[in-house]
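Reminder that position 301 of the sequence shown reads as 301 in the UniProt record's numbering, one-by-one numbering, no gaps. Backbone N, C-alpha and C define an ideal beta-carbon position, used for all residues, glycine too. A quick note: this is a predicted structure, and the numbers were derived from the prediction, not measured. Before any comments, here is the structure.
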Amino acid sequence: MPPSNVLERRRKEKDRPSYLDEQLISAENWLEHKRLDDNLQGLWRIHDKLYDLSKFIDKHPGGRQWLELSKGTDCTEAFESHHVEGKAEAILPKFFVKTASTPRDVDYTFHEDGFYKTLKTEAQVVLKILPIKQLEIQSKIIIDAMAFMTFFLAGTAAYNASYIIATISGFFLALTTIASHNFFHKKDSWRMYYFHLSLLSVRDWRISHTFSHHSYPNTLQDMDVTGFEPFFNYFPDPRKNVISRFVSWAYYPFIYATMFHSEFFTRCIHNTLSKSEILTASTIPTLLFFANGGNIISAFLMWTWILCVGSLTFHNTDVVATHRHPETFVQGDAPRKDRDWGLAQIDTTKDNQWLTGNAFFAVILFADHTLHHLFPTVDHSVLKFLYPVFLQTCKKFNVTWKADDRSFQMATAEFRALARNKPNQCPPN
Numbered sequence: 001m002p003p004s005n006v007l008e009r010r011r012k013e014k015d016r017p018s019y020l021d022e023q024l025i026s027a028e029n030w031l032e033h034k035r036l037d038d039n040l041q042g043l044w045r046i047h048d049k050l051y052d053l054s055k056f057i058d059k060h061p062g063g064r065q066w067l068e069l070s071k072g073t074d075c076t077e078a079f080e081s082h083h084v085e086g087k088a089e090a091i092l093p094k095f096f097v098k099t100a101s102t103p104r105d106v107d108y109t110f111h112e113d114g115f116y117k118t119l120k121t122e123a124q125v126v127l128k129i130l131p132i133k134q135l136e137i138q139s140k141i142i143i144d145a146m147a148f149m150t151f152f153l154a155g156t157a158a159y160n161a162s163y164i165i166a167t168i169s170g171f172f173l174a175l176t177t178i179a180s181h182n183f184f185h186k187k188d189s190w191r192m193y194y195f196h197l198s199l200l201s202v203r204d205w206r207i208s209h210t211f212s213h214h215s216y217p218n219t220l221q222d223m224d225v226t227g228f229e230p231f232f233n234y235f236p237d238p239r240k241n242v243i244s245r246f247v248s249w250a251y252y253p254f255i256y257a258t259m260f261h262s263e264f265f266t267r268c269i270h271n272t273l274s275k276s277e278i279l280t281a282s283t284i285p286t287l288l289f290f291a292n293g294g295n296i297i298s299a300f301l302m303w304t305w306i307l308c309v310g311s312l313t314f315h316n317t318d319v320v321a322t323h324r325h326p327e328t329f330v331q332g333d334a335p336r337k338d339r340d341w342g343l344a345q346i347d348t349t350k351d352n353q354w355l356t357g358n359a360f361f362a363v364i365l366f367a368d369h370t371l372h373h374l375f376p377t378v379d380h381s382v383l384k385f386l387y388p389v390f391l392q393t394c395k396k397f398n399v400t401w402k403a404d405d406r407s408f409q410m411a412t413a414e415f416r417a418l419a420r421n422k423p424n425q426c427p428p429n
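Put into structure tokens, the structure is as follows:
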């Protein structure tokens, strides 16, 4: 084992992930550089052990894509948070190759007697007695209803040449996209492909959102933060200029209104567009074309408008839940001493008190977001039943968690986070 000063220097050198040196910050580049930085020669790292899961890819209950994407990376955080029942730990030894020769690049912990592992144990008890299948029906009905409204209003808008109705269709497209996020976090199912209606990609978001954002929230490894550079800088950087801090408020809606298109063109650059993405995304413009009597230009313009409205709405749900808040931890702030991964999720997430515990808002607007980060594969309609054990565990570990009851403060949090250029010197809690 190298001396402690060498390990500390190595850790500091890796504070800046290599994907940030690319001109284009994308899911594809993030994954490529994660594999380069982790240097695991095609193996999977979980904690301090290396595994070869190649022969298990086709047998993986969640679908082969999860293992294909995580191959060659340290996927400890994703493994822990995606396997709540404890079954996966039992089969891992079959695929053990060797013990890792270097420490992990991140300092998150998963001690058996720590906050997160204790919470997982308590959650297992609750989840075993809940009628999960029946509860999940709520989520399925909600997303199907949102998708139906998107198509119905799009067709009505095209038939009547009404951009007012098209705007409402764009709003429902955003809700459909958010709701499908609930499904791509779990094992493969056809409803996760609703996500493609927005020009976004399930594959890319499993990289940028699940493996990046969920594993390392509000750090340099989090594409949900770095992916908007150079337009937005959410880090508490004293070098932030006036444009980053304040002028960004003015162009904010224009950037967010074009993010659906931006991610589509990024995949064009990487040549990673799949047939399912193209076919699903083409359903709305095809409907518009037939509904308006065959005017392709009119159909294209209205589709563009629906996508822009959907994109702007999708990226403006901070009043419900947010990570971009001046009171949440962002890399550069003083971290709490206990580096338990579950505590890091609490420190980087804000929920709106008025919308917690409501399955409908959880599905369509990212509500119950702290619990979602702790248990991303648990259906959004089930999350509210985990509050008692969550609060009980918080009390046991003397952890303060409180949803924000100031809706205006939540709505303006992102702008205040952009303006913040001084790191918080006081650790969370």
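Can you find the residues in the same chain that come closer than 6 Å, C-beta to C-beta, to residue 411, ignoring five residues on each side of it along the sequence?
Locating residue 411 in the sequence shown gives position 411, where the first residue counts as 1. Within the same chain, residue 411 has close Cβ partners 319.
From 272, 329, 88, 50, pick the residue whose C-alpha is nearest to that of residue 27; which is it?
Here residue 27 is taken as the residue at index 27 of the sequence shown, counted from 1. Ranking the options by Cα distance to residue 27, first place goes to 272.
Skipping 5 residues on each side, what residues in its chain have a beta carbon closer than 7 Å to that of residue 281?
Your numbering for residue 281 matches position 281 in the sequence shown. 196, 197, 199, listed in sequence order.
Distance check for residue 401 and residue 391, CA to CA, integer angstroms please.
If you number the sequence shown from 1, residue 391 lands on position 391. If you number the sequence shown from 1, residue 401 lands on position 401. Rounded to the nearest angstrom, the two C-alpha atoms are 8 Å apart.
On the three-state DSSP scale, how would you describe residue 120?
As a position in the sequence shown, residue 120 is number 120, starting the count at 1. Three-state DSSP puts residue 120 in a helix.
Distance check for residue 37 and residue 10, CA to CA, integer angstroms please.
Here residue 10 refers to the residue found at position 10 of the sequence shown. Here residue 37 refers to the residue found at position 37 of the sequence shown. Residue placement at residue 10 is flagged as unreliable, the pLDDT there being 34, under the threshold of 50; the coordinate-derived value follows with that caveat. Distance between the alpha carbons of residue 10 and residue 37 is about 12 Å.
DSSP bridge partner residues for residue 350 (one or two, in chain order)
For the purposes of this step, residue 350 is taken as the residue at position 350 of the sequence shown. Paired residues: 322.
What does the alpha-carbon distance come out to for the pair residue 364 and residue 110?
Position 364 of the sequence shown, counted from the start, is the residue given in the question as residue 364. Position 110 of the sequence shown, counted from the start, is the residue given in the question as residue 110. Near 31 Å, if we compare the C-alpha coordinates of residue 110 and residue 364.
Counting Cβ pairs, one atom from each stretch, are 3 or more of them under 8 Å apart for the stretch 289 to 303 and the stretch 147 to 164?
yes
Could you please give the first and the last residue of the uninterrupted alpha helix (DSSP H) stretch that includes residue 303?
As a position in the sequence shown, residue 303 is number 303, starting the count at 1. It spans 296 to 314 - the alpha helix (DSSP H) in which residue 303 sits, taken as one unbroken run.
Between which two residues does the beta strand (DSSP E) harbouring residue 46 extend?
For the purposes of this step, residue 46 is taken as residue 46 along the sequence shown, with counting starting at 1. Per DSSP, residue 46 belongs to the beta strand (DSSP E) from 44 to 46.
Quick check on residue 23: does DSSP put it in helix, strand or coil?
Working through the sequence shown from its first residue, we reach residue 23 at position 23. Looking at residue 23 - three-state DSSP - the assignment turns out to be coil, as it is neither helix nor strand.
Determine, using beta carbons only, whether residue 297 comes closer than 7 Å to chain B.
No chain B appears in the structure shown, which is made up of a single protein chain.
Proximity of residue 135 and residue 381 at Cβ, strictly below 7 Å:
Here residue 135 corresponds to residue number 135 of the sequence shown, with the count starting at 1. Here residue 381 corresponds to residue number 381 of the sequence shown, with the count starting at 1. The answer is yes: Cβ separation under 7 Å.
Can we say the stretch 95 to 115 touches the stretch 124 to 134, given the rule of at least three CB pairs closer than 8 Å?
no
Let me check understanding here. Comparing Cα to Cα, which of 72, 388, 372 lies closest to residue 209?
For the purposes of this step, residue 209 is taken as the residue at position 209 of the sequence shown. Of 72, 388, 372, the residue nearest in Cα terms is 372.
Can you grab the Cα-Cα spacing for the pair residue 315 / residue 55, in whole Å?
Here residue 315 refers to the residue found at position 315 when the sequence shown is read from its first residue. Here residue 55 refers to the residue found at position 55 when the sequence shown is read from its first residue. Roughly 39 Å separates the two Cα atoms.
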